[in-house]
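Step one of this worksheet: look at the structure below.
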Amino acid sequence: MKKSSLLPKLIMPFLVTAFCGGVLFLISIKPYEKAQTYLKVSFMDNNTVIPQSEGIAGLNIVQTDIDTEYSGSTYEKGDIIYPEYGTQYAVIECEAADIFAPVYWGNGSELLELGGCNTPSSVPAGGEGNTVISAHVNTFFANLNKVKAGDEVKIYTDYGRFTYKVSKLIEFESTDKKYLKKGDKQILTLYTCERDLLASSTKRIGCICELTKSEYYTEPREVAADEE
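Read in order, the letters of the sequence shown are residues 57 to 284 in my numbering.
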């Protein structure tokens, strides 16, 4: 009887230590998106196709090497290129909050494991309307809560780069879609789940950004045609 009564007392300290260690690990999670993105770029061709996903029938995920250091000619106006569903078409960067992540056109758990998701019900970066991008709070948007009004956000694509300025911080419930509507104003909406160590939160946090600069890599098609 004495031996059996001592067993719980001996095990309890180890259980408490393991629990505390797990909590500290969750609290100390830091974004690894920049290193992860660089590794993907270093060890893949310009376009890498991931085999069909089991979660969405027929989904082909394409990772693209986006040039974030383009130094050629740019134009104030140009053409938006709509990507295919499942394609990485952009990279998003906010130096002030240490955010650097690939952006995929589409949504769903498979794509969210790889980067941010630009929902197809919105528009691509630079488009006429609301560009809505979401990502997981424990990976690519782990620092989204550090974004402040006035911070600069850049999105790099194959057709141009776009600079935004954070104008408003937002909080809303997952069932509230008012910030996710397409609209007609050129804005960028970023959001993620509110961090919750014990459960999945229904609250979303993020920011709204205004487009301040568009730099297209080629002239609009109609202009190029007129010059010919």
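All C-beta atoms, glycine included, are put in the ideal place defined by N, C-alpha and C.
Residue from the options with nearest C-alpha to residue i
| i | options | result |
| --- | --- | --- |
| residue 192 | 218, 130 and 249 | 249 |
| residue 246 | 210, 138 and 134 | 210 |
| residue 233 | 259, 224, 217 and 213 | 259 |
| residue 154 | 116, 200 and 132 | 200 |
| residue 269 | 194, 121 and 244 | 244 |
| residue 265 | 271, 198, 197 and 186 | 186 |
| residue 162 | 190, 137 and 156 | 190 |
8 Å Cβ cutoff met for residue i and residue j
| i | j | result |
| --- | --- | --- |
| residue 165 | residue 238 | no |
| residue 205 | residue 222 | yes |
| residue 273 | residue 130 | yes |
| residue 225 | residue 263 | yes |
| residue 180 | residue 145 | yes |
| residue 218 | residue 167 | no |
Unbroken beta strand (DSSP E) run spanning residue i, endpoints
| i | result |
| --- | --- |
| residue 270 | 259–272 |
| residue 246 | 243–249 |
| residue 155 | 155–161 |
| residue 126 | No beta strand (DSSP E) holds residue 126; DSSP gives it neither H nor E. |
| residue 193 | Neither: residue 193 is in no beta strand (DSSP E) and is coded neither H nor E. |
| residue 172 | 172–174 |
| residue 210 | 208–213 |
| residue 120 | 117–120 |
Span separating the alpha-carbon of residue i from that of residue j
| i | j | result |
| --- | --- | --- |
| residue 275 | residue 170 | 32 Å |
| residue 119 | residue 135 | 22 Å |
| residue 105 | residue 142 | Only weak support is given to the placement of residue 105: the predicted model assigns it a pLDDT of 46, under 50, and the question is left unresolved by the model. |
| residue 251 | residue 277 | 45 Å |
| residue 85 | residue 123 | Only weak support exists for where residue 85 lies, its pLDDT of 46 falling under 50; the coordinates are left without a value. |
| residue 151 | residue 126 | 18 Å |
| residue 116 | residue 213 | 19 Å |
| residue 202 | residue 261 | 11 Å |
| residue 231 | residue 132 | 37 Å |
| residue 228 | residue 216 | 31 Å |
| residue 240 | residue 160 | 22 Å |
| residue 256 | residue 195 | 15 Å |
| residue 182 | residue 208 | 15 Å |
| residue 128 | residue 271 | 10 Å |
| residue 114 | residue 198 | 30 Å |
| residue 137 | residue 175 | 15 Å |
| residue 96 | residue 156 | In this prediction, residue 96 scores a pLDDT of 43, lower than 50, which makes its location untrustworthy; no coordinate-derived value is stated. |
Whole-angstrom C-beta distance between residue j and residue i, which should lie under 8 Å
| i | j | result |
| --- | --- | --- |
| residue 158 | residue 147 | 6 Å |
| residue 149 | residue 242 | Not really, about 18 Å apart at Cβ, beyond 8 Å. |
Residue interval of the alpha helix (DSSP H) (run including residue i)
| i | result |
| --- | --- |
| residue 225 | Premise fails: residue 225 lies in the beta strand (DSSP E), 216–229, not in any alpha helix (DSSP H). |
| residue 184 | That residue, residue 184, is in no alpha helix (DSSP H); it is neither H nor E in DSSP. |
| residue 166 | 165–168 |
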